[in-house]
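Student:
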Amino acid sequence: MGRFGLARGIVSVEFRAPRLTETCVGIILKRKPLTLLVPQHAAQMVEDEPGLVVLIDGVQFGAVMAVPESHLTDDHLVILRLSKPQESMRELKPIPRLPRVAWRVSPGDPVAVVSRLPGQDASTTQRGKAISVSTDLDGGTVITDIPVQSGQSGSPIFYKKRLYAVVQGHKRDVGSSGFSAIGIPLTSGALRQLRRIHRIKWRAYLWRAATLALLMAAPLILLLDLGGRNYPVEGVEVLEDQQTIRVHRNAVFPARSSWTFTTQTKIFTTRTFSSDTSDPIDLVAVGSAATTDGNGALYVLNSSGKLLWQYSVPEGECSYEGPDEETFDRFSTTHIYPSDLDLDGKNELIVAFAHQTWYPAKIMVFDIGGSVLAEYWHPGYVRTLVSGLVGEEKSPITVISASNNSLKASWWNPQVIFAFRGLEIEGQGPTPLLGESAGSQIWYWVINNIDPEVFRAKATQLAVVDQNGDGITEIRAQLSDGRFYYFSAAGDVVGTAAGDIYLRDYGDTPFPKLNSIQEYLDGLSVPQDSESSGPETGL
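Dropping the structure here:
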């Protein structure tokens, strides 16, 4: 490992399912329970694949749980918690140190990638330099000259002996058959959440000493502290009961540094955000899951833990008036995304609700006070969403990936990507009966598959990025089969790229054509015309 000394801080992670296998690198944050930081696309298997087996350095573990954290999700990362291994294995130690602030790296700066592949007895360190660094709305990317291969996604990238970024893919080297690592730098918000999880014993002694000192100075601190109680939020931790969050604040007095809130059902997602786009983080949103007995809910709290408002999809609001009338109740809150949709300096909340068993999903927009500003029904589960200014558009574009279960399909429920402009979010998604004009979406793509009998590609990650550094942002959609698409605000495909999964499974096979919803409804869902002649770059 050399001077970076982090050989004990990473492991190889194998996800084995009956249909496919995925390999990545995990960064150890905590030993008990074993807690890892892994790429979001790898953890997608935890949700989608029944009969999944997880091996850490070749040793099988028991149950595994993916724990989404808002800032980490923005960096395309997820936390994995694993139960005890089914056999003894080497002692695992967390990564020694985490930086307090996000690093700023320039082209030419020295960096190192530390990785560990299945079957390797030790981790390996490869040193090189940053070739290109871009700053995008999702945190940016760094391209290095360090060679990597399939299975090394999730490897940490170090700068000045500190964790700087995480490998998310690779790029083909010009004039070479090899690939160099591409990483996404960790944002300050992500690092704050990682430090909350990454605890070691000596911190308890420091905390006791600090508490004693603060008690001695309590009268003075109390006088200084009486002026304000709404401290900025630093992070949210979902506790082991899966119904309670602990919110950490940047408070002067220890007794006010954290608080807890418990929901009636299991927590599905959390999000911290600011009421004004220029203010510190002062609000917490929690989405809970529906059960067979009750509805899920959206809760919004201030930084002191006071519940400001909550919302659940009303019972009986969604029904199917056919030969057998059917009512859809029990909706989970699955996605929460803050965005200033009307550019008034105040954030709105874009929230997706999904029915627990069947297919309806409801997309809603709330103002900070809980008033409903927009709503849209979609015949299928929302997978992910993003919102931001794209290209030269004057209003934010909200992009959503989802299933559309009302469209006729030979093998799978079709997967779709669609978009809205500003607050113009109303109506419902396209169906064969209602056609494409039932909703206010400005464009709507249907994803085709290379081998539809074997694999259904889903858009698992969306981001607003500057693809080529020209100052004009695009929408990047990452598919679960390794395809990357770049869209303009109008929905035109302006670029493509192949990730390591695609290159491994399909090589130079051209991408299948995306279909507009009108083409799909007209029965033109079968064409396999290529949109590119075999993309050469992977992110």
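Per our numbering, residue 411 is the first one in the sequence shown, and the count goes up by one each step. Quick reminder that beta carbons are idealized off the backbone N, C-alpha and C, glycines included.
1. In three-state DSSP terms, what is A600?
2. Does DSSP put R426 in a helix, a strand or coil?
3. Could you check what DSSP says for T483 in three-state terms: helix, strand or coil?
4. Kindly indicate which three-state DSSP category G780 falls into: helix, strand or coil?
5. Please report how far the alpha carbon of A600 lies from the alpha carbon of G933, in whole angstroms.
6. Can you look up Y916 in the DSSP assignment and give me helix, strand or coil?
7. Report the rounded CA-to-CA distance for Y769 versus Y747, giving the unit in angstroms.
8. Going by other Cβ atoms of all chains shown within 10 Å of its Cβ, with 16 needed for buried, is V694 buried or exposed?
9. Given this structure, state the Cα-to-Cα distance separating T554 from V782, to the nearest angstrom.
10. Would you call the region 558–568 and the region 514–528 touching, i.e. three or more CB-CB distances under 8 Å?
11. Since P509 sits in a beta bridge, which residues does DSSP pair it with?
12. Across the region 678–690 and the region 644–654, are there enough close Cβ pairs to call them in contact, namely three or more that are closer than 8 Å?
13. Here's the rule I'm using: 16 or more other beta-carbon atoms within 10 Å means buried, otherwise exposed. How should T808 be labelled?
14. My understanding is that Q825 touches A869, with C-beta atoms under 8 Å, so please give their C-beta distance in whole angstroms.
15. Alpha carbons only, please: which of L759, N757, L487, K494 is nearest the one belonging to K442?
16. Around the C-beta of L634, are 16 or more other C-beta atoms found within 10 angstroms, so that it is buried, or is it exposed?
17. Determine the DSSP secondary structure at A899, reduced to helix, strand or coil.
18. Quick check: the region 468–485 against the region 432–441, are there 3 or more CB pairs under 8 Å?
19. Could you please give me the residues that DSSP links to H580 through a beta bridge?
20. If V388 sits next to V523, beta carbons under 8 Å apart, how far is it from one beta carbon to the other, in whole angstroms?
21. Looking only at its chain, what residues have a beta carbon closer than 6 Å to the beta carbon of T701, apart from the 5 residues adjacent to it on each side?
22. Roughly how many angstroms lie between the CA atoms of L759 and I773, to the nearest whole one?
23. Just verifying my parser: in three-state terms, what is the DSSP assignment at E459?
24. Could you check whether T670 and T654 sit closer than 7 Å to each other, using their CB atoms as the reference points?
25. So what does DSSP say about L632, is it helix, strand or coil?
26. Around the C-beta of W719, are 16 or more other C-beta atoms found within 10 angstroms, so that it is buried, or is it exposed?
27. Any heavy atom of the ligand SAM closer than 6 Å to the beta-carbon of G849?
28. Could you check whether S749 and A764 sit closer than 7 Å to each other, using their CB atoms as the reference points?
29. How many Å lie between N712 and D692 at the Cα?
30. Straight-line CA distance for Q454 to K440?
31. Once DSSP output is grouped into helix, strand and coil, what is the label at D910?
32. Helix, strand or coil for A848 per DSSP?
33. Specify the secondary structure class of G419 as computed by DSSP and reduced to three states.
34. Under the rule that 16 or more other beta-carbon atoms within 10 Å means buried, what is R613, buried or exposed?
35. List the residues that DSSP assigns as beta-bridge partners of L465.
36. Select from R606, P842, A907 the residue whose C-alpha is nearest the C-alpha of T919.
Tutor: In terms of the structure at hand:
1. helix
2. strand
3. helix
4. coil
5. 45 Å
6. helix
7. 21 Å
8. buried
9. 45 Å
10. yes
11. According to DSSP, P509 bridges with nothing at all.
12. yes
13. buried
14. 7 Å
15. K494
16. The predicted model places L634 with a pLDDT of 49, which falls under 50 and marks its position as unreliable, so this point remains unresolved.
17. coil
18. no
19. A591
20. Given a span of 411 to 949 for the chain in the structure shown, any question on residue 388 remains unanswerable.
21. T675
22. 10 Å
23. coil
24. yes
25. For L632, the pLDDT reaches just 49, beneath the cut-off of 50, and the residue's location in the model is therefore unreliable, although a value from the coordinates is still provided. Correct three-state label for L632: helix.
26. exposed
27. In terms of ligand content, the structure shown is empty, and the ligand SAM therefore cannot be addressed.
28. no
29. 6 Å
30. 21 Å
31. helix
32. helix
33. helix
34. A caution first: R613 carries a pLDDT of 49, below 50, which makes its placement in the model unreliable, though a value can still be read off. Label assigned to R613: exposed.
35. E424, Q470
36. A907
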